[in-house]
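A.B. asks: This structure is in structure tokens; I'll ask about it shortly.
2 protein chains.
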Amino acid sequence: MSEDGNAVRTPGPEMETVHLLRRVSVEFGLRQGEFAARHGMHPTDVRALICLLDAARSGTPATAGWLGAQLGLNSAGTTALIDRLVRLGHLTRVRDTDDRRRVLLAVDARAVELGQEFFGPWLTGMVELLRTFDAREAAAVRRFLLGAHAALAREDGGAA
Amino acid sequence: MSEDGNAVRTPGPEMETVHLLRRVSVEFGLRQGEFAARHGMHPTDVRALICLLDAARSGTPATAGWLGAQLGLNSAGTTALIDRLVRLGHLTRVRDTDDRRRVLLAVDARAVELGQEFFGPWLTGMVELLRTFDAREAAAVRRFLLGAHAALAREDGGAA
DNA sequence: CACATTACCTCGCTGAGCGAGATAAAATAG
DNA sequence: CTATTTTATCTCGCTCAGCGAGGTAATGTG
Chain A
149 MSEDGNAVRT PGPEMETVHL LRRVSVEFGL RQGEFAARHG MHPTDVRALI CLLDAARSGT
209 PATAGWLGAQ LGLNSAGTTA LIDRLVRLGH LTRVRDTDDR RRVLLAVDAR AVELGQEFFG
269 PWLTGMVELL RTFDAREAAA VRRFLLGAHA ALAREDGGAA
Chain B
149 MSEDGNAVRT PGPEMETVHL LRRVSVEFGL RQGEFAARHG MHPTDVRALI CLLDAARSGT
209 PATAGWLGAQ LGLNSAGTTA LIDRLVRLGH LTRVRDTDDR RRVLLAVDAR AVELGQEFFG
269 PWLTGMVELL RTFDAREAAA VRRFLLGAHA ALAREDGGAA
């Protein structure tokens, strides 16, 4: 049944919602690209900034290798990416004093501003929309997104 | 208060959910990249296939220009992208008989299979998760995603 | 029929990201 | 305490995705 060619053609309300989530992701990628172009960056640079800001938010120490893994880049590409962000003044390399092989990435305040300029309005809109939800509805949204994240986190999607 | 530097540091359950959606989008992008690498394609090629399958699903006629707009590419890049997909046998160029300037993009059955191979497991997991939701919860998820999509569709996010 | 517009393609170039391999610090063995 | 392995990052050379500029059909307009 998983190889049923008609699978994409059986709509159903659930499928509709899933496609909507996918659509949101696509749209999100487009906004990233526009933001990148507007600031003389490449889409990857913006994605890197996003990861770095997330890391800062959650207190995860961001190293070069970690960033590369987040973005699916090899070490050469990661070095080039960091060079670009450093050149633009968004990032500073800081040798880890505990393990001096490691390079910690310190996000500049300017990059944080850029991130908020990018996410701010959208984020605010989303938050305000969520405030119109009652507790059970908000929990449902959270539960769905957690499930989606979990499904995507394992690359086989849960089935071979 | 919108320029409050502490905005990202005031968690709140709503903010958490919004960050989760963002995280899902990032993860989604990573899966695309992995799928692309596994099939000798580039991330953009996969995104193109996604757009083309969406267009096919909704009956939108997919032209070269339309695809370029969807992906934020200029005409030269779009031509190169289509050449790549044609060379891989995922796509066929078909001159529109009504307006012979236009090139319609016919997605090959093989590409549809690839798309389902990619989305299938994940899609199924999501749909099954949604089936555990009651009507109001499912509606809440849909409402949130619609709102997110609407916010992202206007590049200023609804505020300057 | 001229003339503007639209839709796509060709050409040449820049640079993002890859593979291979170097280097340096840390962990482990002997 | 030296030799070896492992880990984390960087350097070098190359390929090819995507851009800008410009060309060529097809369509629409007076």
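Top to bottom, those sequences are chains A and B. The first sequence begins at 149 in the working numbering and counts up one residue at a time. The second sequence begins at 149 in the working numbering and counts up one residue at a time. Here a beta-carbon is modelled for each residue, glycine too, at the ideal position from N, C-alpha and C.
1. Can you tell which of ARG205/A, HIS167/A, LEU169/A and GLU164/A has the C-alpha that lies nearest to the C-alpha of VAL260/A?
2. Let me see if you follow: with CB-CB separation under 8 Å, is ARG258/B close to chain A or not?
3. Name the chain A residues that come within less than 7 Å of PRO161/B, Cβ to Cβ?
4. Answer with buried or exposed for THR226/B, where buried requires no fewer than 16 other C-beta atoms within 10 angstroms of its C-beta.
5. Taking Cβ-Cβ distances shorter than 9 Å, what residues in chain A pair up with THR208/B?
6. Please report the distance separating the alpha-carbon of THR165/B from that of VAL289/A.
7. Can you give me, in chain order, the residues of the segment 172-183 of chain A that have a beta carbon less than 8 Å from any beta carbon in chain B?
8. GLY263/A to ALA301/B, Cα distance in whole Å?
9. Using the Cα positions of ALA286/A and PHE292/B, report the straight-line distance between them to the nearest angstrom.
10. Do ILE230/B and LEU239/B have their C-beta atoms within less than 8 Å of each other?
11. Is the segment 165-177 of chain A in contact with the segment 191-198 of chain B, if contact means three or more CB pairs nearer than 8 Å?
12. Can you name the start and end residues of the beta strand (DSSP E) that LEU278/A belongs to?
13. Strictly below 9 Å CB to CB, what residues from chain B border TRP214/A?
14. Do the CB positions of MET163/A and ALA296/B come within less than 8 Å of each other?
15. Below 8 Å between beta carbons: does that hold for ALA298/B and VAL251/B?
16. According to the neighbour-count rule (16 or more other Cβ atoms, all chains shown, within 10 Å of its Cβ), is VAL242/B buried or exposed?
17. Would you please verify whether the beta carbon of ARG290/B is less than 8 Å from any beta carbon of chain A?
18. Assuming ALA210/A contacts ALA203/A under a Cβ cut-off of 8 Å, what Cβ separation, rounded to an integer in Å, is found between them?
19. Count the other CB atoms within 10 Å of the CB of THR245/A; is the residue buried (16 or more) or exposed (fewer)?
20. In the DSSP assignment, the beta strand (DSSP E) including LEU236/A goes from what residue to what residue?
C.D. replies: Well, looking at it:
1. Your numbering for residue 260/A matches position 112 in the first sequence. Nearest of ARG205/A, HIS167/A, LEU169/A and GLU164/A to VAL260/A, Cα basis: ARG205/A.
2. In the second sequence, counting from the first residue as 1, residue 258/B sits at position 110. Not closer than 8 Å to any Cβ of chain A, the Cβ of ARG258/B fails to qualify, so no.
3. As a position in the second sequence, residue 161/B is number 13, starting the count at 1. Within 7 Å Cβ-Cβ: ALA286.
4. Numbered from 1 along the second sequence, position 78 holds the residue referred to as residue 226/B. The residue in question, THR226/B, is buried, as its Cβ has 16 or more Cβ neighbours within 10 Å.
5. Along the second sequence, read from residue 1 onward, the residue named residue 208/B stands at position 60. Within 9 Å Cβ-Cβ: nothing; THR208/B doesn't reach chain A, min ~13 Å.
6. Here residue 165/B refers to the residue found at position 17 of the second sequence. Here residue 289/A refers to the residue found at position 141 of the first sequence. Roughly 8 Å separates the two Cα atoms.
7. VAL172, SER173, VAL174, GLU175, PHE176, GLY177, LEU178, ARG179, GLY181 and GLU182
8. Numbered from its first residue, the first sequence carries residue 263/A at position 115. Numbered from its first residue, the second sequence carries residue 301/B at position 153. If you take the alpha carbons of GLY263/A and ALA301/B, they lie about 18 Å apart.
9. Position 138 of the first sequence, counted from the start, is the residue given in the question as residue 286/A. Position 144 of the second sequence, counted from the start, is the residue given in the question as residue 292/B. Each residue's alpha carbon lies about 9 Å from the other.
10. On the second sequence, position 82 is the one that residue 230/B refers to. On the second sequence, position 91 is the one that residue 239/B refers to. Taking 8 Å as the Cβ cut-off, ILE230/B and LEU239/B qualify as a contacting pair.
11. yes
12. Working through the first sequence from its first residue, we reach residue 278/A at position 130. Segment 257-279 is the alpha helix (DSSP H) holding LEU278/A; no beta strand (DSSP E) there.
13. Counting from 1 along the first sequence, the entry for residue 214/A is found at position 66. Ordered by position in chain B, no residue passes the 9 Å Cβ test against TRP214/A, which lies about 14 Å from the chain.
14. Position 15 of the first sequence, counted from the start, is the residue given in the question as residue 163/A. Position 148 of the second sequence, counted from the start, is the residue given in the question as residue 296/B. Going by C-beta atoms, MET163/A is not nearer than 8 Å to ALA296/B.
15. Numbered from 1 along the second sequence, position 150 holds the residue referred to as residue 298/B. Numbered from 1 along the second sequence, position 103 holds the residue referred to as residue 251/B. In this structure, VAL251/B does not lie closer than 8 Å to ALA298/B by Cβ.
16. Along the second sequence, one-based indexing puts residue 242/B at 94. It is exposed - the Cβ of VAL242/B has fewer than 16 other Cβ atoms within 10 Å.
17. Stepping through the second sequence from its first residue, residue 290/B is reached at position 142. It does; some Cβ of chain A falls within 8 Å.
18. Start at 1 with the first residue of the first sequence, and residue 210/A comes out as number 62. Start at 1 with the first residue of the first sequence, and residue 203/A comes out as number 55. Correct: roughly 4 Å between the Cβ atoms.
19. Your numbering for residue 245/A matches position 97 in the first sequence. Result: exposed.
20. Along the first sequence, one-based indexing puts residue 236/A at 88. Taken as a continuous stretch (DSSP letters only), LEU236/A belongs to no beta strand (DSSP E), as it is neither H nor E.
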